[in-house]
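In this note's numbering, the protein residues as written are 2 to 267. Idealized CB from N, CA, C, for every residue including glycine. Keep in mind that this is a model prediction, so the values were computed, not measured.
This is the structure:
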């Protein structure tokens, strides 16, 4: 039985499946619960892409899917919020009157520069790029508290034209430990994102060493998400992700229904 806690549908501008397709794919892969986490990125640097989320239409679609699929699968209403320091108040305001059951916070832009188009990575060494990115992650985690888990903490690995895209713990240990300790002390968690394999990173995001360090520091809240945008990507590489979690010292993963973690034995 699997819990896929990072799924995108047509409500995300980069989604390539409808919710019913995601549910059908999940059921076929022995997934008992999915968290639909479509995008909200306020003031996204690339104006050609709009990561807005119509909460009313989104909620209605989830309600219809719950009716259609009944007890075949549990559907959690979640969101992935792209956080930037200058829009934290707007993110908080957006969430104020909404009943999301699960919230991922992710950093998709740094200093108002897009990661996806390579703008942020240009004219920087790998060390400079990765360190500045992690500093921005820390600022966002420190300034924005309305989330449950931090998404793909090493997302920066997907971008930048570097021969070696690995983000090794010893190279960034101080800032990584600061992020992990802040998450742990405030009751928030980390995500294992399996899309790293899809993007030829040869590992989950983050990799084993970072997950192990998070656990060593006392981390307990851990979700696993495919970051699926198509049906074939749902629950992708989940057996491997669970093995990584176990090897890192985790005996449970987390699920959410009312904003609080419940622990599921693995």
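Residue i by DSSP, collapsed to three states: which one?
i           : result
residue 61  : helix
residue 116 : coil
residue 50  : coil
residue 202 : coil
residue 36  : strand
residue 151 : strand
residue 263 : strand
residue 235 : coil
Find the nearest neighbour of residue i within the set the options, judged by alpha-carbon distance.
i           : options               : result
residue 73  : 162, 127, 2 and 247   : 2
residue 156 : 115, 66 and 80        : 115
residue 146 : 109, 113, 108 and 187 : 187
residue 167 : 257, 150, 254 and 204 : 204
residue 225 : 34, 29, 56 and 184    : 34
residue 261 : 211, 219 and 189      : 189
residue 244 : 209, 258 and 229      : 209
residue 109 : 122, 101, 257 and 103 : 122
In terms of residue numbering, what span does the beta strand (DSSP E) encompassing residue i cover?
i           : result
residue 88  : Per DSSP, residue 88 belongs to no beta strand (DSSP E) and is neither H nor E.
residue 191 : 190-194
residue 107 : 103-107
With distances taken between CB atoms, is the gap from residue i to residue j smaller than 8 Å?
i           : j           : result
residue 227 : residue 7   : yes
residue 213 : residue 242 : no
residue 154 : residue 86  : no
residue 247 : residue 266 : no
residue 184 : residue 191 : yes
Determine the direct distance from the alpha carbon of residue j to that of residue i, and round the result to whole angstroms.
i           : j           : result
residue 37  : residue 174 : 32 Å
residue 88  : residue 44  : 7 Å
residue 136 : residue 176 : 7 Å
residue 255 : residue 120 : 35 Å
residue 66  : residue 216 : 35 Å
residue 170 : residue 148 : 24 Å
residue 133 : residue 117 : 16 Å
residue 99  : residue 10  : 19 Å
residue 150 : residue 160 : 22 Å
residue 219 : residue 211 : 13 Å
residue 22  : residue 79  : 17 Å
residue 1   : residue 125 : This structure cannot settle anything about residue 1, because the visible part of the chain is limited to 2 through 267.
residue 128 : residue 165 : 11 Å
residue 182 : residue 62  : 37 Å
How is the alpha helix (DSSP H) around residue i delimited, first residue to last?
i           : result
residue 137 : 127-144
residue 257 : Careful: residue 257 lies outside any alpha helix (DSSP H), inside the beta strand (DSSP E) at 253-257.
residue 213 : 209-217
residue 80  : First-last for residue 80: 75-83, but that is the beta strand (DSSP E), not the alpha helix (DSSP H).
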